[in-house]
Each structure stands twice: as structure tokens, then as C-alpha cells.
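Asker:
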Amino acid sequence: MSIGENNFVQSHKIYLDEIMLGDVVTFQRGFDITKKEQAEGEIPIVSSSGISSFHNQFKAKGPGVVIGRKGTLGTVHYLKDNFWPHDTTLWVKDFKGNDPRLIYYFVQTLHLENFDTGSSNPTLNRNHIHKIKVLFPKMDFQKKIAAILSAYDDLIENNKRRIGLLEKMAEEIYCEWFVRFRFPGHEQVKMVKGVPGGWEKVPLEKAFIYTGGGTPPKEVERFWKDGDVNWYTPSDITASQGVFLSRSADQCTEEGLNRSSARLFPAYSIMMTSRATIGAIGINTTPACTNQGFITCIPNERYPLTFLYHWLKLSKPHFELLSGGATFAELTKGTFKRIEILTPPKSLVTDYENRVLPLFKQIELLLGKMDNLKKTRDLLLPRLISGKLPVENLDIHFPPGMEALAHEA
């Protein structure tokens, strides 16, 4: 049985070919390289979960497609330029005349993570996946499909760049005012022991409310089934594409929340990981709770969202130094409460919040647009690949880099 919708395809043979994946592309295992062997450069080293580091040499020419072979299986990455595919990946050595961008989208529909051949460690075997029967778009339509989906990805990337600029602007103002002490009117303020006069150090336990988390027992079905309370784990934070999070991977029920040490906190609190990965942060946009791997800080009028967020973010190295633990690093609430926060006059903090909060709102808005674009793209992807949404008669405006290739199709 091939991957696809056979009943539909029977009447659309002009659109789809039924062949083996190995007839479409040739995958090759990546190349091992240790941290010690890596030299400073701009060539991305692509591991199973994405770009992991950089080097000064490449093993494969772009554009390229890489999939996770070991560890994180089936994840698909597209590289415009030359790259080094790591040993934990498979990369497309030969596209066999097919459009690389189309291959990137097509492979995502195959769910190759389901072809694990490892007994204890998840593994993809290229010889196994080469034999998979697939329903593949003919050349005439590859460029059109790729152009449609690329348009969404281009918009997503544009929003990412805009978000990056807004984040840099907000952080630069914070650093200028509260790290380098060049805040408005700083010329008239005397420095006392290295800090501006009138600023004070306040222990965190006296500055704002913070809370930990907990996990409702997983074996109790009613604590999780049909749950609608966002319950965040560190993976939600580290996997997020932006600082604002609207939905966790798992949701618990209100009963599960009440029957555990998890605590509900208000929207626009700052969740900070405090175990293993220390200091990764995210802002929840709805009331939520976390597991026990967090310290969640609740902003207030004296320590508003934008100020507290940047203080926590820039304090990450300090938090890591204070973290102990026999089996994994942990920043305990007992240690956290004794840390002091350098507190400027309220009027200055309020001025900062008034300037930067609009930037945060723009970031949140752009993240929402990105999420909608991704959802639309992901809905279109299988329909375009399968032929359910025909492209024969669509008038596609190809991106500049695809125009010449499109005319060849």
C-alpha cells in the first residue's frame, strides 16, 4: 500500500505518479564531526533537530534537504546554501531532476518518524525508506506547488525578521538604560558604588510574587482527558518560535490542577525554566500552570512585564552559576528568593514600560500572524501534494529565483 489516497489518485493519474521514494531522491547518511574538529565559519552543521553549530567547510552543496535519522526522527530541514549534514541525519544526495523545494514539502507529508528501525535508539534506515511507495507530483506541477507553499514560508520568515528587529530594539533600550546606565537624565545622577544614586537592591522575595509548578498524575485519566488548562513543560518553551505562548502541548483539567502542586497564574506572567535547562523564558497569553521545572514570575506595577522580562533574560548566566544538583542543574526557589534585583526609580521603570510595551504588542501580533500562516500552509500541504487541490489552472506568480525553472517545467 502506498502513502497517499489511492481511490482519489486513480482518477488523477495525469497529476500523480506512483513510484518508490528511491526513484524520486537518493538519501545518504551524513558525516560525523566532533566539536573539537569544528572551526569558526559560516557553514551550518545540520543535526537531526536542525542547525546545531557552524564550520568553515561544507560536505553538500545547496539547495539541500536534510531529515533526522537518529534521535529526532523524520524532521525535515531545507538549506538554501552549502551545508554539512551531520551523522545523525540523512540528506538528499541526488534530487533526480526534481525541484528541491518541492522535495522539502513532499517529505514532510510522509511522516518518516513512523519508520523507526532502532530497537532502543530511534533510527531511520535509508535503504528502508527508499523502498516506500509514494504518490509523487509530476514535474509539470512541482514548481507551482512549491511556489504556493514557499509564498507562505517567505511571509513567515519576513515576520520572523521583523520580530527579531523588535526584540533587539526592546533589549537595546533596556541595556542602554539599566545596564550601561545611560537613561534619560543620567547626566544629573551621581554614581554611588558603581550604580546610580537612588537605585536600590531588593531581594526577589520582596519584589514580586513567583510560583512553582507540579504534575497531575498521568495515570488518572480524568486529570487530563478533555482538559482545557494550559500546562507548560520546558519543552514547550525551548520548542517555541517566539516569546509569547498561547497553547501548551498538553492540557490538564481543573480537577487535575487542584489535585496537584501546580498553581494557576495569570496571563502575561513570565515562565522561566529552573531545572536542567536554566533560564529559558516564555510569556503565557492565557491563564496557565507549569510542571515542577519552572519558577514563574508575576509582574506587578513596580516590576512590569517588559522590565522584568529583560531582567530575567539577561540574568540567565547568573542563574546558571547559582544552580546546583547531583543529577541535574536546578535553581531552587530558596536560592531564587535571595537574589537581589537592582531597582531603578519607579518613574524610570514606568517610562521604559510605556516605550517598550508597544513593541511587545507588535511582537505578539506578528507571532499570531505567523501561527495562522503556518496553520494555513500545513492545511494546504497535503492537499496540494495529493492533488486534492489541483494547480493545473492556477496562475502562479513565481518568486524571482524560481521563474526560470518554472518556464522549463
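Mapping of the sequence shown onto our numbering: residues 818 to 1226, in sequence order.
We put the beta carbon where it would ideally sit given N, CA and C, even for glycine.
Among P1116, L941 and T1193, which residue has its Cα nearest to the Cα of L1021?
Answerer: Numbered from 1 along the sequence shown, position 204 holds the residue referred to as residue 1021. Among P1116, L941 and T1193, the Cα nearest to that of L1021 is on P1116.
Asker: Compute the distance between the beta-carbons of S1091 and I1112, then report whether it is under 7 angstroms.
Answerer: Start at 1 with the first residue of the sequence shown, and residue 1091 comes out as number 274. Start at 1 with the first residue of the sequence shown, and residue 1112 comes out as number 295. Yes.
Asker: Compute the distance between the beta-carbons of A1079 and P1104, then report whether it is under 7 angstroms.
Answerer: One-based indexing of the sequence shown puts residue 1079 at position 262. One-based indexing of the sequence shown puts residue 1104 at position 287. Result no, Cβ atoms of A1079 and P1104 do not sit closer than 7 angstroms.
Asker: Tell me whether the beta-carbon of I862 lies closer than 7 angstroms to the beta-carbon of S870.
Answerer: Position 45 of the sequence shown holds residue 862. Position 53 of the sequence shown holds residue 870. Yes, the Cβ-Cβ distance between I862 and S870 is below 7 angstroms.
Asker: Can the beta-carbon of P1033 be found less than 7 angstroms from the beta-carbon of C1069?
Answerer: For the purposes of this step, residue 1033 is taken as the residue at position 216 of the sequence shown. For the purposes of this step, residue 1069 is taken as the residue at position 252 of the sequence shown. Against a cut-off of 7 angstroms, the Cβ pair of C1069 and P1033 comes out as a contact.
Asker: With three or more C-beta pairs closer than 8 angstroms as the rule, is the stretch 942 to 958 touching the stretch 837 to 845?
Answerer: Contact holds: three or more Cβ-Cβ distances are below 8 angstroms.
Asker: CB-CB under 7 angstroms to E1147, same chain, minus the five flanking residues each way: which ones, in chain order?
Answerer: Working through the sequence shown from its first residue, we reach residue 1147 at position 330. S1091, R1092, S1140 and G1141, listed in sequence order.
Asker: Out of curiosity, what's the CA-to-CA distance linking S967 and E974?
Answerer: For the purposes of this step, residue 967 is taken as residue 150 along the sequence shown, with counting starting at 1. For the purposes of this step, residue 974 is taken as residue 157 along the sequence shown, with counting starting at 1. So the two alpha carbons sit approximately 10 angstroms from each other.
Asker: Do you know how far the Cα of F875 is from the Cα of N899?
Answerer: Locating residue 899 in the sequence shown gives position 82, counting from the first residue. Locating residue 875 in the sequence shown gives position 58, counting from the first residue. Their Cα atoms are separated by approximately 6 angstroms.
Asker: Following the continuous alpha helix (DSSP H) through K1130, name the residue where it begins and the one where it ends.
Answerer: As a first step, residue 1130 must be located in the sequence shown, where it is residue number 313. Here the alpha helix (DSSP H) through K1130 covers L1122 to L1131.
Asker: Do H894 and V883 have their beta-carbon atoms positioned less than 7 angstroms apart in this structure?
Answerer: Position 66 of the sequence shown, counted from the start, is the residue given in the question as residue 883. Position 77 of the sequence shown, counted from the start, is the residue given in the question as residue 894. A contact, by the Cβ cut-off of 7 angstroms.
Asker: Spatial neighbours of F987 within its chain, please: CB distance less than 6 angstroms, with the 5 preceding and 5 following residues excluded, ordered by chain position.
Answerer: The residue labelled residue 987 in the question sits at position 170 within the sequence shown. The sequence shown places Ala at residue 987, rather than the Phe named in the question. The answer, listed in chain order, is V1173 and L1176.
Asker: Pick from I1100, T1094, Y969 and P1121: whose alpha carbon is nearest that of K1133?
Answerer: In the sequence shown, counting from the first residue as 1, residue 1133 sits at position 316. That would be T1094, whose Cα lies nearest to the Cα of K1133.
Asker: Taking V1019 as the reference, which of I980, P1162, A877 and D1067 has the closest Cα?
Answerer: Locating residue 1019 in the sequence shown gives position 202, counting from the first residue. Ranking I980, P1162, A877 and D1067 by Cα distance to V1019 puts P1162 first.
Asker: Mind checking M1008: buried by the 16 CB within 10 Å criterion, or exposed?
Answerer: For the purposes of this step, residue 1008 is taken as residue 191 along the sequence shown, with counting starting at 1. Exposed: under 16 other Cβ atoms inside 10 Å.
Asker: Would you call P1001 buried or exposed, if buried means 16 or more other Cβ atoms sit within 10 Å of its Cβ?
Answerer: Residue mapping note: residue 1001 aligns to position 184 of the sequence shown, counting from 1. So P1001 counts as exposed.
Asker: How big is the Cα-Cα spacing for K977 and S866?
Answerer: Mapped onto the sequence shown, residue 977 falls at position 160. Mapped onto the sequence shown, residue 866 falls at position 49. K977 and S866: Cα-Cα distance of roughly 19 angstroms.
Asker: How big is the Cα-Cα spacing for L927 and I920?
Answerer: By 1-based counting over the sequence shown, the position of residue 927 is 110. By 1-based counting over the sequence shown, the position of residue 920 is 103. Answer to the nearest angstrom: the Cα atoms are 11 angstroms apart.
Asker: To the nearest whole angstrom, what separates the beta carbons of Y1126 and I1156, a pair I think is in contact under 8 angstroms?
Answerer: The sequence position of residue 1126 within the sequence shown is 309, counting from 1. The sequence position of residue 1156 within the sequence shown is 339, counting from 1. Not confirmed; about 16 angstroms, so no contact.
Asker: When burial is assigned at 16 or more other CB atoms within 10 Å of the CB, is D904 buried or exposed?
Answerer: If you number the sequence shown from 1, residue 904 lands on position 87. It is exposed - the Cβ of D904 has fewer than 16 other Cβ atoms within 10 Å.
Asker: Where does the unbroken alpha helix (DSSP H) through D957 begin, and where does it stop?
Answerer: Position 140 of the sequence shown, counted from the first residue, corresponds to residue 957. Counting along the chain, the alpha helix (DSSP H) containing D957 begins and ends at M956 to Y991.
Asker: Under the three-state reduction of DSSP, which class applies to W1041: helix, strand or coil?
Answerer: Working through the sequence shown from its first residue, we reach residue 1041 at position 224. W1041 falls in the coil class under three-state DSSP.
Asker: Would you say T1123 and F1082 are within 7 angstroms of each other, going by their C-beta atoms?
Answerer: Position 306 of the sequence shown, counting from 1, holds the residue named residue 1123. Position 265 of the sequence shown, counting from 1, holds the residue named residue 1082. Taking 7 angstroms as the Cβ cut-off, T1123 and F1082 do not qualify as a contacting pair.
Asker: Per the DSSP calculation, F953 is bridged to which residue(s)?
Answerer: Within the sequence shown, the letter at position 136 stands for residue 953. Per DSSP, D834.
Asker: If we count the other Cβ atoms within 10 Å of its Cβ and call it buried at 16 or more, is F1145 buried or exposed?
Answerer: Numbered from its first residue, the sequence shown carries residue 1145 at position 328. Per the 10 Å Cβ criterion, exposed.
Asker: For T851, which of G888, S1052 and W901 has the nearest alpha-carbon?
Answerer: Working through the sequence shown from its first residue, we reach residue 851 at position 34. Of G888, S1052 and W901, the residue nearest in Cα terms is W901.
Asker: Would you mind stating whether E1170 and P1207 have Cβ atoms separated by less than 7 angstroms?
Answerer: Residue numbering aside, residue 1170 sits at position 353 when the sequence shown is read from its first letter. Residue numbering aside, residue 1207 sits at position 390 when the sequence shown is read from its first letter. Taking 7 angstroms as the Cβ cut-off, E1170 and P1207 do not qualify as a contacting pair.
Asker: Tell me G885's beta-bridge partners as DSSP assigns them.
Answerer: Within the sequence shown, residue 885 is the residue found at index 68, counting from 1. Paired residues: T906.
Asker: Considering I946, what are the terminal residues of the alpha helix (DSSP H) in which it resides?
Answerer: Locating residue 946 in the sequence shown gives position 129, counting from the first residue. Where I946 is concerned, the enclosing alpha helix (DSSP H) stretches over R943 to H947.
Asker: DSSP on S866, reduced to helix/strand/coil?
Answerer: Here residue 866 refers to the residue found at position 49 when the sequence shown is read from its first residue. Coil, per DSSP.
Asker: In this structure, does DSSP put W901 in helix, strand or coil?
Answerer: As a position in the sequence shown, residue 901 is number 84, starting the count at 1. Of the three classes helix, strand and coil, the one that applies to W901 here is strand, per DSSP.
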